[in-house]
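All remarks here apply to the structure that follows.
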Amino acid sequence: MPVDLSLYLVTDSTPPILKGQDLCQVVEEALKGGVTIVQYRDKTSDTGVLIETAKKLHKITRAYDVPLLINDRVDVAVAVGAEGVHLGQDDMNISEAKKILPENAIIGITVASIEEAKKAVEEGADYLGIGTVYATATKTNTKGIIGTAGTKAILEAISDDRPVGTVCIGGINQSNVQRVLYQSKASKKGLDGVAVVSAIIGAEDPKEAATTFVKHIRSVPAFATTPRAPRPDEIATLIREVPEIAQKVAARRPLVHSMINHVVANFVANVTLAIGASPIMSLYGDEAADLALNDGSLVINMGTLNEESVSNYLKGIRAYNERGRPITFDPVGAAATYIRRDAVKQLMSGGYFDLIKGNEGEIRQVFGDSAATQRGVDSGPSTLAAIEKAQLVRNLARRERNIVLMTGAVDYLSDGERILAIHNGHGYLGSVTGTGCAVGAISSCFLTVHPTDKLLAVLAGLLMYEIAAENAASKDHVHGPGSFVPAFLDEFSSIVLFLLSSVSAVIAESS
Ligand code: 3NM
Ligand code: MG
Numbered sequence: 001m002p003v004d005l006s007l008y009l010v011t012d013s014t015p016p017i018l019k020g021q022d023l024c025q026v027v028e029e030a031l032k033g034g035v036t037i038v039q040y041r042d043k044t045s046d047t048g049v050l051i052e053t054a055k056k057l058h059k060i061t062r063a064y065d066v067p068l069l070i071n072d073r074v075d076v077a078v079a080v081g082a083e084g085v086h087l088g089q090d091d092m093n094i095s096e097a098k099k100i101l102p103e104n105a106i107i108g109i110t111v112a113s114i115e116e117a118k119k120a121v122e123e124g125a126d127y128l129g130i131g132t133v134y135a136t137a138t139k140t141n142t143k144g145i146i147g148t149a150g151t152k153a154i155l156e157a158i159s160d161d162r163p164v165g166t167v168c169i170g171g172i173n174q175s176n177v178q179r180v181l182y183q184s185k186a187s188k189k190g191l192d193g194v195a196v197v198s199a200i201i202g203a204e205d206p207k208e209a210a211t212t213f214v215k216h217i218r219s220v221p222a223f224a225t226t227p228r229a230p231r232p233d234e235i236a237t238l239i240r241e242v243p244e245i246a247q248k249v250a251a252r253r254p255l256v257h258s259m260i261n262h263v264v265a266n267f268v269a270n271v272t273l274a275i276g277a278s279p280i281m282s283l284y285g286d287e288a289a290d291l292a293l294n295d296g297s298l299v300i301n302m303g304t305l306n307e308e309s310v311s312n313y314l315k316g317i318r319a320y321n322e323r324g325r326p327i328t329f330d331p332v333g334a335a336a337t338y339i340r341r342d343a344v345k346q347l348m349s350g351g352y353f354d355l356i357k358g359n360e361g362e363i364r365q366v367f368g369d370s371a372a373t374q375r376g377v378d379s380g381p382s383t384l385a386a387i388e389k390a391q392l393v394r395n396l397a398r399r400e401r402n403i404v405l406m407t408g409a410v411d412y413l414s415d416g417e418r419i420l421a422i423h424n425g426h427g428y429l430g431s432v433t434g435t436g437c438a439v440g441a442i443s444s445c446f447l448t449v450h451p452t453d454k455l456l457a458v459l460a461g462l463l464m465y466e467i468a469a470e471n472a473a474s475k476d477h478v479h480g481p482g483s484f485v486p487a488f489l490d491e492f493s494s495i496v497l498f499l500l501s502s503v504s505a506v507i508a509e510s511s
């Protein structure tokens with residue numbers, strides 16, 4: 001009978017996580033909430049205590065018809081008649097464990113690399129625990145953080161081998177679980193489930209925590225999208241669809257919540273108004289839950305990072321992911337400093353971004369290219385050839401199952417299937433601060449009104465923006481970046497006014 005790995009609870013006996021609660025009680029609550037398999041993991045207790053606790057746990061798990069596995073200690077599993085074991089790379093190997101355990105015992109093993117995974121599959125493991133996905137306080141002596149990208153690489157490497165179960169482990173919580181499962185499904189073989197310690201064992205209410213996990217695991221994430229294969233006349237078709245999307249923004253006036261740097265906040269708020277949307281500039285994470293109730297989206301722009309920024313952004317990500325509202329991530333200066341590189345890692349593991357937008361250095365850093373460098377937050381000289389840029393945005397979008405926009409003299413946009421190179425814009429955009437950041441806010445508006453084709457949504461916003469810049473730059477009274485800014489805002493809002501008047505014309509015609 002196949003084992004249901006969808007919500008795999010791993011116990012932890014350390015006092016800080018258990019907060020003085022009784023382990024058996026916590027496990028029973030979690031089972032009530034819908035945990036599908038339990039691993040008793042206790043690295044410190046003596047054998048007598050291990051057996052005694054395992055017996056108690058087994059009585060409980062059996063009442064819920066859920067398998068109990070024992071971490072590491074094959075002897076304890078045999079002594080209590082548990083359904084199986086979970087082995088680490090330094091524990092007894094699979095063939096030795098098989099000699100001791102009953103024939104139908106479940107054997108799982110921790111793997112951190114493709115080599116370990118391949119070997120475990122060959123040796124007959126029933127499932128793999130892939131990790132460490134995200135940094136976690138629960139286990140610090142891990143081999144390394146592999147992220148969703150490393151998880152996906154392992155899944156892909158074993159996809160044509162003998163079928164085995166797969167779960168991932170390390171830092172999985174209610175904010176990132178949907179994203180982790182969703183992104184794993186970009187591989188031929190997606191994950192069967194997630195393994196969780198602290199997000200259930202350490203929860204205020206373990207039953208409720210498990211119930212919420214089950215809800216997230218079973219439902220299609222609100223941000224789910226299917227990249228569209230190019231149609232025969234894709235470019236022309238997309239361009240034809242652009243004005244309608246722009247009209248939708250002007251007609252709906254979505255809210256754009258910008259967690260943005262203080263250098264460009266004023267300019268970005270003005271551009272947001274000019275497009276016909278409502279801006280709110282708030283860096284206060286606790287406000288995000290309320291703001292996410294609106295018809296709107298979030299922009300995270302880490303241009304002026306400080307020691308509180310990341311925790312505020314994470315609150316924002318959680319609130320908007322939970323509501324299924326779009327999030328745009330603008331990793332400003334991502335490669336410039338250690339602090340920023342670390343912030344990118346934390347934010348990328350904090351939830352799902354519908355759009356990642358950045359310059360070449362930033363996108364390379366987010367992709368994990370160690371050669372990425374940045375002197376400051378402005379875009380440095382380009383070092384990639386056009387084809388490499390196109391591949392980079394496509395590969396990142398494919399990996400993250402989202403949209404990636406890499407800005408530059410030519411902008412590259414991809415949803416993992418289609419790749420567009422956009423040549424519009426004007427040199428003045430590069431001489432005024434905030435013009436790149438404003439693209440994040442614009443894109444967010446467009447994602448809000450047109451979630452069904454996110455690539456088209458971002459394209460529509462970008463084209464409108466860059467064509468407004470071209471028109472503004474061609475005005476007689478525009479001589480440089482100073483006179484360009486007001487002309488650009490004028491041009492932008494007059495395009496929007498034009499679109500709005502044609503919306504009412506369409507409504508009038510059809511009524
Ligand atoms: N094994 P939490 S990470 C038990 O990488 C364990 O093999 C890991 O705890 C591995 O859900 C881990 O609290 C702890 O982050 C996971
Ligand atoms: Mg072990």
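In terms of the UniProt record's numbering, the sequence shown is numbered consecutively and its last residue is 511. For each residue, glycine too, the CB sits at the ideal point set by N, CA and C.
Local Cβ density within 10 Å of residue i, reported as buried at 16 or more and exposed below that
{"i": "His-477", "result": "exposed"}
{"i": "Asp-290", "result": "exposed"}
{"i": "Thr-138", "result": "buried"}
{"i": "Tyr-313", "result": "buried"}
{"i": "Gly-170", "result": "buried"}
{"i": "Pro-279", "result": "buried"}
{"i": "residue 518", "result": "The requested residue 518 does not occur in the structure, where the chain is confined to residues 1 to 511."}
{"i": "Gln-178", "result": "buried"}
{"i": "residue 514", "result": "With the chain covering 1 to 511 only, the question about residue 514 has no answer from this structure."}
{"i": "Val-76", "result": "buried"}
{"i": "Thr-11", "result": "buried"}
{"i": "Glu-99", "result": "Per the sequence presented here, residue 99 reads as Lys, with Glu not at that position. Lys-99 comes out exposed."}
{"i": "Arg-394", "result": "buried"}
{"i": "Asn-306", "result": "exposed"}
{"i": "Ser-494", "result": "exposed"}
Helix, strand or coil at residue i [DSSP, three-state]
{"i": "Met-146", "result": "Checking the sequence, you will find Ile at residue 146 rather than Met. In this structure, Ile-146 counts as coil in the three-state DSSP scheme."}
{"i": "Ala-195", "result": "strand"}
{"i": "Ser-159", "result": "coil"}
{"i": "Glu-509", "result": "Summary for Glu-509: the model assigns pLDDT 48, below 50, so the residue's position carries little reliability; its value from the coordinates is reported in the next sentence. Here Glu-509 sits in helix by DSSP."}
{"i": "Val-66", "result": "coil"}
{"i": "Met-281", "result": "strand"}
{"i": "Ser-474", "result": "coil"}
{"i": "Gly-350", "result": "coil"}
{"i": "Gly-436", "result": "helix"}
{"i": "Tyr-320", "result": "helix"}
{"i": "Met-302", "result": "coil"}
{"i": "Leu-396", "result": "helix"}
{"i": "Asn-270", "result": "helix"}
{"i": "Thr-61", "result": "helix"}
{"i": "Val-35", "result": "coil"}
{"i": "Asn-312", "result": "helix"}
{"i": "Tyr-338", "result": "helix"}
{"i": "Pro-206", "result": "helix"}
{"i": "Gly-48", "result": "helix"}
{"i": "Leu-181", "result": "helix"}
{"i": "Gln-174", "result": "coil"}
Supposed contact pair residue j and residue i - C-beta distance, whole angstroms, cut 8 Å
{"i": "Arg-252", "j": "Asp-295", "result": "7 Å"}
{"i": "Ser-353", "j": "Ile-327", "result": "The amino acid occupying residue 353 in the given sequence is Phe; Ser does not appear at that position. The Cβ separation is near 5 Å, so the contact holds."}
{"i": "Tyr-127", "j": "Thr-166", "result": "6 Å"}
{"i": "residue 571", "j": "Ile-260", "result": "Because the chain here runs from 1 to 511, residue 571 falls outside it and cannot be looked at."}
{"i": "Ala-30", "j": "Ile-200", "result": "5 Å"}
{"i": "residue 521", "j": "Val-249", "result": "A query on residue 521 cannot be resolved here, the shown segment of the chain reaching from 1 to 511 and no further."}
{"i": "Ala-246", "j": "Leu-499", "result": "5 Å"}
{"i": "Lys-357", "j": "Lys-207", "result": "That belief does not hold up - the Cβ atoms of Lys-357 and Lys-207 are roughly 40 Å apart, past 8 Å."}
{"i": "Gly-193", "j": "Tyr-8", "result": "5 Å"}
Which residues DSSP lists as bridging residue i, in chain order
{"i": "Ala-421", "result": "Tyr-412"}
{"i": "Gly-482", "result": "Bridge partners of Gly-482: none, in fact."}
{"i": "Tyr-127", "result": "Gly-108, Gly-165"}
{"i": "Leu-87", "result": "Ile-109"}
{"i": "Met-259", "result": "Ile-300"}
{"i": "Asp-330", "result": "Asn-301"}
{"i": "Val-404", "result": "Ile-356, Ser-414"}
{"i": "Asn-71", "result": "His-86"}
{"i": "Tyr-8", "result": "Ile-37, Ala-195"}
Closer than 8 Å: residue i CB and nearest the ligand ATP heavy atom
{"i": "Ser-309", "result": "Looking at this structure, you won't find the ligand ATP anywhere; what it does contain is the ligand 3NM and the ligand MG."}
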